[in-house]
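One rule links them: number in the working numbering = place in the sequence shown (from 1) + 1239.
Built from N, CA and C at the ideal position, the CB exists for glycine as well.
In this text, all values refer to a predicted model and were calculated from it rather than measured experimentally.
Note sheet for the following structure.
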Amino acid sequence: MVTIPNIISLIRLPLAFLFLTQSIAYRTIAILLAMISDGLDGFIARRYHLSSKFGTLLDPLSDRFFVFFVIGILIHEQSLSFWEASALICRDFSVILFGLYLVFTGQLTTYRFKAIWCGKVTTFLQFMVFLGITFGMKFPPFVFSTFILLGVLALLELYLSKEKIKEIKDS
1240 MVTIPNIISL IRLPLAFLFL TQSIAYRTIA ILLAMISDGL DGFIARRYHL SSKFGTLLDP
1300 LSDRFFVFFV IGILIHEQSL SFWEASALIC RDFSVILFGL YLVFTGQLTT YRFKAIWCGK
1360 VTTFLQFMVF LGITFGMKFP PFVFSTFILL GVLALLELYL SKEKIKEIKD S
């Protein structure tokens, strides 16, 4: 479905390619536009009732593409270590783990995926780390440990949201 929010989400995809240059300006623009578009697409979709199943899938996939592409570039440039990259995507591991849980318990088709608070915080902090690295900042290990904690909290939030949905259906 072609909607303004979906177009905004699609625009986020080519922004990642600006990281192929080592230009601080291009990378900063890419990160800032990705951040703005990440908030704007959802806001417009909710405000103007333009939400769609395609959009609810496209938005997080666009985020993940941007994040994973940028992480790949930063690892290649040795601006990010493997463990730091792994910590940055800990929330994604949690989402995959939760998805596997739903598959093995036969609940995948009945669960309605939606954005979680830990996911929003993680994405924002990932963008902040990318900006910092773009400007040559070095982060202490506790910063990356925070992403591991957010990953654990995301798994907990997903599980509790599943239970909340179950309670609503049972009442």
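Could you tell me if residue i is buried or exposed, where buried requires 16 or more neighbouring beta carbons within 10 angstroms of its beta carbon?
| i | result |
| --- | --- |
| S1333 | buried |
| P1244 | buried |
| A1354 | exposed |
| E1323 | buried |
| A1284 | buried |
| G1345 | exposed |
| L1313 | buried |
| S1301 | buried |
| L1327 | buried |
If you reduce the DSSP assignment to three classes, tell me which class residue i lands in.
| i | result |
| --- | --- |
| R1266 | helix |
| V1241 | coil |
| I1310 | helix |
| K1353 | coil |
| I1283 | helix |
| L1347 | coil |
| S1248 | helix |
| T1260 | coil |
| S1276 | helix |
| S1290 | coil |
Within 8 Å, do at least three Cβ pairs link the stretch 1287–1300 to the stretch 1383–1390?
Segments in contact, no.
Is there contact here, the stretch 1267–1275 with the stretch 1252–1259, by at least three beta-carbon pairs under 8 Å?
Taking 8 Å as the limit for Cβ pairs, the verdict is that the stretch 1252–1259 does touch the stretch 1267–1275.
How about the stretch 1272–1292 and the stretch 1312–1321: do they share at least three Cβ pairs that are nearer than 8 Å?
The stretch 1272–1292 is not in contact with the stretch 1312–1321.
For the stretch 1379–1386 against the stretch 1352–1369, do three or more pairs of beta-carbon atoms, one drawn from each stretch, fall closer than 8 Å, so that the two count as touching?
Yes: the two stretches touch, three or more of their Cβ pairs being nearer than 8 Å.
Within the stretch 1371–1406, note down every full alpha helix (DSSP H) run reaching 4 residues or more, in order along the chain.
None, since the stretch 1371–1406 contains no complete alpha helix (DSSP H) of that length.
Considering only residues of the stretch 1316–1347, which uninterrupted beta strand (DSSP E) runs meet the minimum length of 3 residues and lie entirely inside it, listed in chain order?
If we require 3 residues or more, the stretch 1316–1347 turns out to have no beta strand (DSSP E) run fully inside it.
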